[in-house]
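Chemist:
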Amino acid sequence: MTRLLIRNGRVVDPSQGIDQGMDLLIDDGLVAALGEKLDVAADTPVFDASGLVVAPGFIDIHTHLREPGFEYKETIESGCRAAAAGGFTAVCALANTSPVNDEPAVTRYVIEKAGEVSATRIYPVGALSKGCNGEELAEIGKMIEAGAVAISDSPNPVANGLLMRRALEYCRSFDVPVMVHPEDLELTDRGAMHEGRVSTRIGLRGMPGAAEQGVVARDILLAELTRGRLHLCHLSTAASLEMVRIAKRRGLKITCEVTPHHFTLIDEDIAKANYDPQWKMNPPLRGTKDRQAVLEAIQDGTVDAIVSDHAPHHQDEKEMDFADAPFGISALETAVSLALDRLVHRRVIGIGQLVQLMSTSPAKIMGLPGGSLEEGAVADITLLNLGMRVSVDPKTFLSKGKNTPFTGMNLRGAPAATIVGGKVVWKR
Amino acid sequence: MVIEAAAALSSKDLVGIAPLEAGEIQLLLDTAEQLLEVARRPIKKVPTLRGMTVINLFMEASTRTRFSFEVAEKRLSADTLNFSASTSSVSKGETLFDTARNLMAMAPDFIVIRHPNTGAPHRLAHVVTASVINAGDGSNEHPTQALLDAFTMRRHFGDLAGLKVVIAGDIRHSRVARSNAFLLSKMGAEVRFVAPASLLPPGVQELGVKPFLRLEPALEGADVVMMLRIQMERQKRMNFPSAREYFDFFGLTPERLKLANEGALVMHPGPMNRGVEIDSEVADGDQSVILEQVTNGVAIRMAILYLLAGGRSDAATDS
């Protein structure tokens, strides 16, 4: 019996409509009690949460952990340490490793390796197609049986509409979401940044917003056709979000996610950065109207989850010119601070809504334990210091990936501690 | 519009026209004017860069730009090293920064770089102490070409301000068009881009130009007609139907040239596709200054090297 009393924190749990000063008692990895001034045995270990927010554990449902195959970029161990330091109690690991997680042996490897080296929870996402190459369905059922919680070829799109249709249909038998990276590669045409006034001015090849929007439209229609569970990854444009808004209004059970970099940065930042590929990600940083649309969609509930889209790369891979460098940023350790600074402190949403977007909804979308602090729930808890000021310094990242555009940015609000299954796995 | 020449260039590098002030462009053009004379001497060499080393790093195929730089360097008595790669060194596993570190170990004073990707010279300039000169990066800039084009125009018209310059062709992929647009608009000229929209970048007005979807209306009142190479190797991707159709609607023929001002200059950065973007009769006609552009290119590149080496323009040709 391992007990821990989290005393005197501000408990924010949208699953129960709670936002008030309370104590929380953990017993044997589960939430045992929640209440004002809990009476506990004198020898119960205490975590003083005065001044901190106590929230159900944050779950990042879009993380690239790189192992197996690209351990020089990130390992399961380093990625999970980064997740804990970023305030996440669980991550969903995408399938684009080497070998690709397109068969149950790889799924099991990830789960077993995580069990050995990771204090945070890892839920593998299986590939939609063999090799993530968009040709034939992977062994979805067997991967789910082995522990995969969703399927996705992300960061590869599913170009073939028929394959996408079949995936949505087939997954209904297993009740898992199909996560899609919406991009028409013919339209993005080897582009490196958002196509618009800035790409025209600075001469980088553009990726038009329509390349995302066309696929979003197709997949929403396919979700309607198949009644499958569609989850749209990292939406970045106003029109994509508007289509999701309309689809939801019509009663479709689709979900979507956005990233902190898309609600923080814009394409103009690439111009200011003098072609530094730290600003290169896919989907690319868009213009101010798209950024504003992302914020509005977060505010009005169109967005279901905020995800990091953690995509660590080795420093050598970013010592390239913009076009040759790979897409992606190391994001696990900046996501929560960006969300607190840009969304909560700037009054886009309240802290309860943020917890909903980073814990309760992600758990629900992926069908995971957590997302709630009700009695009997797993004791996965994220503690937040809303007032703390941090300056982003990649040298302090626990992730192997130091690739971030946020170096030197001053942010207000940060994770203070991460508790998984009742154990404090990281504390500032 | 009177533009005073700057006293010196403000940066150690010439990575593009976009970062230059009008006064710096004026200084470069004035300096080239003096250096043009060197080519007419029996011994076409001045000792200005003696003891200095220039690395010509060409990571994309080039003949005329590379030769032009090399001639310019040799006329200024610099030692030159040529490094050509048919493919970028990235495919050999070396990062751009490693290439830069290796080059710096040879202590060059200048690195002239052509690279298939936008921004490569800018990244290089950021990590090396040598002066970096952009000889063309991706679809971004080709500043030395724009300077030699402007120099050629100025020699014919005396001033760039008020000129109406038509640039027609594959604007979307053209670094020449972009650098010319930046330069000419800074110097007070009017730039008209002509192409079907499939060959124009989005929001092209951002570059300070007037876009035209047909050649004829753009030619009205034009002082200069610059035709760009249609890069057939890049046209696999459905940008227009055929070379024949392109020539029919967008090619510069003697009849179409008559729509421009009398005596309008015909320019082309080369290499030309005769019968695709330009009719041979026009290319070889009286109004063509295409070979003059090549001659002027050497003077412009000498001026860039000279000024980046810290010289003053009035002493450019002294011994």
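If you read the protein sequences in the order shown, they are chains V and H.
Position 182 of the first sequence, counting from 1, maps to 182 under our numbering, and the rest follow consecutively.
Position 33 of the second sequence, counting from 1, maps to 33 under our numbering, and the rest follow consecutively.
Every residue, glycine too, gets a C-beta built ideally from N, C-alpha and C.
Take the Cβ of Thr288 of chain V as the centre, count every other Cβ of all protein chains shown within 10 Å, and call the residue buried at 16 or more, exposed below.
Modeler: By the neighbour-count rule (16 or more Cβ atoms within 10 Å), Thr288 of chain V is not buried but exposed.
Chemist: Spell out the partners DSSP gives Asn385 of chain V in its beta bridges.
Modeler: Per DSSP, V:Ala414.
Chemist: DSSP beta-bridge partners for Thr334 of chain V?
Modeler: None; Thr334 of chain V has no bridge partner.
Chemist: Using Cβ-Cβ distances below 7 Å, what residues of the region 308-339 of chain V are close to chain H?
Modeler: The residues in question are Asp316, Glu319, Met320, Asp321, Phe322, Ala323, Asp324.
Chemist: Please report how far the alpha carbon of Met153 of chain H lies from the alpha carbon of Asn296 of chain H, in whole angstroms.
Modeler: Those two C-alpha atoms are separated by around 11 Å.
Chemist: My parser needs the beta strand (DSSP E) runs of 3 or more residues fully inside the region 54-108 of chain H; what are they?
Modeler: 79-84, all fully within the region 54-108 of chain H.
Chemist: Could you tell me the distance, in whole angstroms, from the CA atom of Thr200 of chain V to the CA atom of Cys233 of chain V?
Modeler: Each residue's alpha carbon lies about 27 Å from the other.
Chemist: Given a threshold of 16 other Cβ atoms within 10 Å of its Cβ, counted over all protein chains shown, does Ser391 of chain V qualify as buried or as exposed?
Modeler: Exposed, by the Cβ-count rule.
Chemist: Within the same chain, show all residues whose beta-carbon is closer than 8 Å to that of Gln278 of chain V, passing over the 5 residues directly before and after it, in chain order.
Modeler: Around Gln278 of chain V: Lys318, Ile329, Asn403, Thr404, Pro405, Thr407.
Chemist: Report the residues of the region 396-428 of chain V with a CB closer than 7 Å to any CB of chain H, ordered along the chain.
Modeler: Here the close residues number zero.
Chemist: Please report the straight-line C-alpha distance between Leu193 of chain V and Ala210 of chain V, rounded to a whole angstrom.
Modeler: In the sequence as presented, Leu is not what sits at residue 193 of chain V; that position holds Met. Roughly 13 Å between the two C-alpha positions.
Chemist: Have a look at Leu307 of chain H and Phe212 of chain H and give me their C-alpha separation to the nearest angstrom.
Modeler: Going by the C-alpha atoms only, they are around 37 Å apart.
Chemist: For a contact defined as C-beta to C-beta under 7 Å, what are the partners of Leu9 of chain H on chain V?
Modeler: Those do not exist, as Leu9 of chain H stays about 18 Å from chain V at its closest Cβ, beyond 7 Å.
Chemist: Spell out whether any CB of chain H is found under 8 Å from the CB atom of Asn282 of chain V.
Modeler: Not an interface residue.
Chemist: Look up Asn134 of chain H in the DSSP assignment and give the residues it is bridged to.
Modeler: DSSP lists H:Ile113 as partners of Asn134 of chain H.
Chemist: Any C-beta of chain V sitting closer than 8 Å to the C-beta of Leu14 of chain H?
Modeler: With 8 Å as the cut-off, Leu14 of chain H does not count as an interface residue toward chain V.
Chemist: Could you check the C-alpha separation between Phe263 of chain V and Leu357 of chain V for me, to the nearest Å?
Modeler: Rounded to whole angstroms, Phe263 of chain V to Leu357 of chain V spans 14 Å at the Cα level.
Chemist: Excluding the 5 residues preceding and the 5 following Met104 of chain H in the sequence, name in chain order all residues of the same chain whose CB lies nearer than 6 Å to its CB.
Modeler: Once the five neighbours on either side are set aside, the close Cβ partners of Met104 of chain H are Val128.
Chemist: Since Leu230 of chain V is in the alpha helix (DSSP H), which residue starts that stretch and which ends it?
Modeler: It is not in any alpha helix (DSSP H) - Leu230 of chain V instead sits in the beta strand (DSSP E) that spans 230-232.
Chemist: Apply the 10 Å Cβ neighbour rule to Met232 of chain H and answer buried if 16 or more other Cβ atoms are within range, or exposed otherwise.
Modeler: Label assigned to Met232 of chain H: exposed.
Chemist: Could you tell me whether the region 19-28 of chain H touches the region 70-82 of chain H, where touching means 3 or more Cβ pairs closer than 8 Å?
Modeler: Touching, no, given that fewer than three Cβ pairs across the two stretches are closer than 8 Å.
Chemist: Cα-Cα, which of V:Gly376, V:Thr382, V:Gly413 is closest to Leu34 of chain V?
Modeler: That would be V:Gly376, whose Cα lies nearest to the Cα of Leu34 of chain V.
Chemist: How about Asn134 of chain H: is its C-beta nearer than 8 Å to some C-beta of chain V?
Modeler: Chain V, which has no Cβ nearer than 8 Å to the Cβ of Asn134 of chain H, makes this no.
Chemist: Straight-line CA distance for Asn156 of chain V to Ala95 of chain V?
Modeler: Approximately 10 Å between the Cα atoms of the pair.
Chemist: Which residue comes first and which comes last in the beta strand (DSSP E) that contains Gln429 of chain V?
Modeler: Because chain V is modelled from 1 through 428, residue 429 of chain V falls outside the range shown and cannot be assessed.
Chemist: Checking 8 Å against the spacing of the C-beta atoms, do Val38 of chain H and Val132 of chain H come in under that value?
Modeler: No.
Chemist: With DSSP as the reference, label Ala379 of chain V as helix, strand or coil.
Modeler: Correct three-state label for Ala379 of chain V: coil.
Chemist: Mind checking the region 91-105 of chain H against chain V and listing, in chain order, the residues whose C-beta falls within less than 8 Å of any C-beta there?
Modeler: Cβ contacts with chain V: Thr95, Leu96, Phe97, Asp98.
Chemist: Can you pull the chain H residues whose beta carbon is under 7 Å from the beta carbon of Thr188 of chain V, in chain order?
Modeler: Near Thr188 of chain V there are no residues of chain H at all, since even the closest Cβ is about 12 Å away, more than 7 Å.
Chemist: Can you name the residues of chain V whose CB is closer than 7 Å to the CB of Pro201 of chain H?
Modeler: Within 7 Å Cβ-Cβ: Thr200.
Chemist: Taking Cβ-Cβ distances below 9 Å as the criterion, which residues of the region 10-40 of chain V are in contact with chain H?
Modeler: Here the close residues number zero.
Chemist: For Glu224 of chain V, which three-state DSSP category applies?
Modeler: It is helical.
Chemist: Does the beta-carbon of Lys436 of chain V have 16 or more other beta-carbons within 10 angstroms, so that it is buried, or is it exposed?
Modeler: What the structure shows of chain V is the stretch from 1 to 428, and residue 436 of chain V is not part of that stretch, so it cannot be assessed.
Chemist: Helix, strand or coil: how does DSSP classify Ile329 of chain V here?
Modeler: Of the three classes helix, strand and coil, the one that applies to Ile329 of chain V here is strand, per DSSP.
Chemist: So Arg123 of chain H contacts chain V; which residues on that side make the cut at Cβ distance below 9 Å?
Modeler: By Cβ distance, chain V contributes Asn274, Tyr275, Asp276, Pro277, Glu319, Met320, Asp321, Phe322.
Chemist: Are Phe58 of chain V and Ser337 of chain V close, meaning C-beta to C-beta below 8 Å?
Modeler: No, these two residues do not count as a Cβ contact at 8 Å.
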